[in-house]
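Single-structure report; data block below.
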Amino acid sequence: MPKIGNIELPDFPLLLAPMEDVSDPPFRKLCKEQGADVVYTEFISSEGLIRDAAKSVIKLDIYEKERPVGIQIFGAELDSMLQAVDIVEKSNPDIIDINFGCPVKKVVCKNAGAGILRDIPLMVKLTEEIVKRTKLPVTVKTRLGWDNNSIKIVEVAERLQDVGIEAISIHGRTRVQMYKGEADWKPIAEVKNNQRMHIPVFGNGDVDTPEAAVKMRDEYGLDGAMIGRASIGYPWFFKEVKHYFKTGGHLAPPTMQERVDAARRHLQMAIDWKGEKLGVFETRRHYTNYFKGIPHFKEYRMKMVTSDEAADVFAAFEEVEEKFGNFQFA
Numbered sequence: 001m002p003k004i005g006n007i008e009l010p011d012f013p014l015l016l017a018p019m020e021d022v023s024d025p026p027f028r029k030l031c032k033e034q035g036a037d038v039v040y041t042e043f044i045s046s047e048g049l050i051r052d053a054a055k056s057v058i059k060l061d062i063y064e065k066e067r068p069v070g071i072q073i074f075g076a077e078l079d080s081m082l083q084a085v086d087i088v089e090k091s092n093p094d095i096i097d098i099n100f101g102c103p104v105k106k107v108v109c110k111n112a113g114a115g116i117l118r119d120i121p122l123m124v125k126l127t128e129e130i131v132k133r134t135k136l137p138v139t140v141k142t143r144l145g146w147d148n149n150s151i152k153i154v155e156v157a158e159r160l161q162d163v164g165i166e167a168i169s170i171h172g173r174t175r176v177q178m179y180k181g182e183a184d185w186k187p188i189a190e191v192k193n194n195q196r197m198h199i200p201v202f203g204n205g206d207v208d209t210p211e212a213a214v215k216m217r218d219e220y221g222l223d224g225a226m227i228g229r230a231s232i233g234y235p236w237f238f239k240e241v242k243h244y245f246k247t248g249g250h251l252a253p254p255t256m257q258e259r260v261d262a263a264r265r266h267l268q269m270a271i272d273w274k275g276e277k278l279g280v281f282e283t284r285r286h287y288t289n290y291f292k293g294i295p296h297f298k299e300y301r302m303k304m305v306t307s308d309e310a311a312d313v314f315a316a317f318e319e320v321e322e323k324f325g326n327f328q329f330a
C-alpha cells in the first residue's frame with residue numbers, strides 16, 4: 001500500500017488533480033463523496049500569498065471531510081516560496097504540493113510551473129529548501145520535460161526524491177505539448193522501475209476511462225492515478241473506476257435526478273463559499289459534463305452557462321428535471 005509520509009493510502013489510490021478554478025472546496029467535496037482518495041487545492045501563487053491577495057488566500061480554505069488534502073503552491077523565487085510554505089502551514093493541510101507542471105504562458109514566463117523544467121538545478125534547490133522548511137510531507141507534480149529533446153524525468157524524479165519529497169505525480173506530456181496529443185506513460189513507468197525510487201509514483205494524463213486506470217496500474221505498474229479533466233462535471237468517475245477495479249464491470253451511469261441534484265448542490269456550495277457572482281461563473285464549465293449525451297439540450301445548456309443570476313440557473317435545472325427526467329443515459 002502506498003504512503004505519502006505517514007498517510008496510508010489504499011491500493012492504487014485515485015487522486016483529484018489540482019485544477020485552476022475547478023478543484024475548489026465544493027468540487028473537492030463532491031469528488032471525495034464519490035471515492036477520491038486524496039484531493040488537492042487549485043494551485044496557489046506564492047507571490048499572491050505573501051501579498052495577501054484575496055484570490056490566493058481564499059484557496060487556502062480546506063475542510064475536515066476532505067482529508068487527506070494537499071495545498072499546492074507555485075513560484076520560482078525561493079524567498080517567496082518559503083514564506084508561502086509558512087502561510088500554508090497555518091491552514092493545517094496534510095500535504096504541501098509543489099507545482100512544476102502548469103504549462104500556461106502566464107506561469108511559465110515567470111519560470112514557475114513547467115517553466116522550471118528548463119532549470120533543473122533550481123527545481124531541485126527550491127524543493128530541497130521547501131522540504132527543510134516544513135514538517136509536512138512535500139510532494140511534486142510535474143511533466144516529462146520541457147520538450148521531447150529534454151526529457152530527463154527519471155533523473156529528475158530521483159533527485160527530487162533524494163532531497164526529501166514523499167511522492168511524485170507525473171503528467172505524461174511535455175510543456176511544449178500542452179494538452180495536445182496522447183499522454184506517454186512509458187517514461188513514468190521508467191521512473192517507477194528505477195531501482196533507486198522508493199516513493200509513490202502517480203501517473204497523470206488521459207486517465208479518462210476505468211480501462212485506462214487499469215492499464216496504468218497493471219501494464220505500467222504505477223502506484224496510483226491522478227484524475228483531472230475526466231472528473232470535471234463528473235465526480236462519479238472515481239466511483240466508477242473503483243467499481244471496475246472490484247468487479248471488472250461498468251457501473252450504471254448516474255441518473256438524471258442524480259445529475260440535477262449534484263449540479264444544484266455544487267452551485268449552492270459554490271455560492272456559499274465564494275459568493276453568487278463567482279459561484280455562478282466558476283461552476284459553468286461543469287455543466288457540459290453533468291448533462292453530456294442528452295439530445296436537443298443546447299437551449300438549456302446555454303441558459304446555464306450564460307445566466308449571471310443564480311435563480312436563473314436553478315430555474316434551468318428545474319426545467320431540465322421536468323423535461324428530461326425520464327432520459328436514460330447509456
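Using full-length UniProt numbering, the final residue of the sequence shown is 330, and nothing's skipped along the way.
From the three backbone atoms N, C-alpha and C, an ideal C-beta is built for every residue, glycine too.
- [ ] Throw me the rounded Cβ distance for the VAL140 and ASP97 pair, which I believe falls under 8 Å.
- [x] 7 Å
Task: One or two residues paired with MET226 in a DSSP bridge - done: LEU15 and ASN204
Open item on the list: Is it buried or exposed, CYS102, if we count other Cβ atoms within 10 angstroms and call 16 or more buried?
Closed with: buried
Task: Minimum Cβ-Cβ distance from PRO93 to chain D less than 7 Å - done: Reference to chain D is not applicable here, since this structure consists of a single protein chain.
Task: Buried/exposed call for GLU319, threshold 16 Cβ in 10 Å - done: exposed
- [ ] Just confirm the distance between the C-beta atoms of ALA112 and GLY164, as a whole number of angstroms; I'd bet it's less than 8 Å.
- [x] Actually they are not in contact, since the Cβ atoms of ALA112 and GLY164 sit about 20 Å apart, beyond 8 Å.
Open item on the list: Going by beta-carbon coordinates alone, are ILE116 and PRO93 separated by less than 7 Å?
Closed with: no
Open item on the list: I'd like to know whether the C-beta atoms of PHE238 and GLN72 end up nearer to each other than 7 Å.
Closed with: no
Open item on the list: Once DSSP output is grouped into helix, strand and coil, what is the label at LYS106?
Closed with: helix
Open item on the list: By the three-class DSSP mapping on this structure, what secondary structure does THR247 have?
Closed with: Reduced to three states, the DSSP call for THR247 is helix.
- [ ] For GLY275, count neighbouring C-beta atoms within 10 Å of its own C-beta (all shown protein chains included) and say buried if the count is 16 or more, exposed if not.
- [x] Exposed is the call here.
Task: Neighbourhood of LYS32 by C-beta, 7 Å cutoff - its chain only, sequence neighbours within 5 removed - done: VAL39, LYS65 and GLU66
Task: Residue closest to LEU277, alpha-carbon to alpha-carbon, out of PRO137, VAL305, VAL57 and GLU258 - done: In the sequence under discussion, the amino acid at residue 277 is Lys, which differs from the Leu named in the question. Looking at the Cα atoms, VAL305 is the closest of the given residues.
Task: C-alpha gap between GLU299 and GLU89, whole angstroms - done: Rounded to whole angstroms, the separation of the alpha carbons of GLU89 and GLU299 is 46 Å.
Task: Outcome for MET302 when other beta-carbon atoms lying within 10 angstroms are tallied against a minimum of 16 - done: exposed
TODO: Determine contact between the segment 6 to 16 and the segment 225 to 232, defined as no fewer than three beta-carbon pairs at a distance below 8 Å.
DONE: yes
Open item on the list: Three Cβ pairs or more, each shorter than 8 Å: is that satisfied between the segment 208 to 215 and the segment 187 to 195?
Closed with: In short, these stretches do not touch, since the Cβ pair count stays below three.
TODO: Kindly list the residues whose CB is nearer than 8 Å to the CB of VAL138, restricted to its own chain and excluding five residues on each side of it in sequence; keep chain order.
DONE: ILE95, ILE96, ASP97, ILE98, THR127, ILE130, VAL131, GLY164, ILE165 and GLU166
Open item on the list: What does the alpha-carbon distance come out to for the pair MET81 and PHE245?
Closed with: 39 Å
Task: Opposing strand residues paired with GLU8 [DSSP bridges] - done: LYS3
Task: With 16 other Cβ atoms within 10 Å as the buried cut-off, status of ASN204 - done: buried
Task: For SER56, the first and last residue of its enclosing beta strand (DSSP E) - done: Note, SER56: premise wrong, no beta strand (DSSP E); alpha helix (DSSP H) at 54 to 57.
Task: Rounded straight-line distance, which links the Cα of GLY70 to that of PHE43 - done: 10 Å
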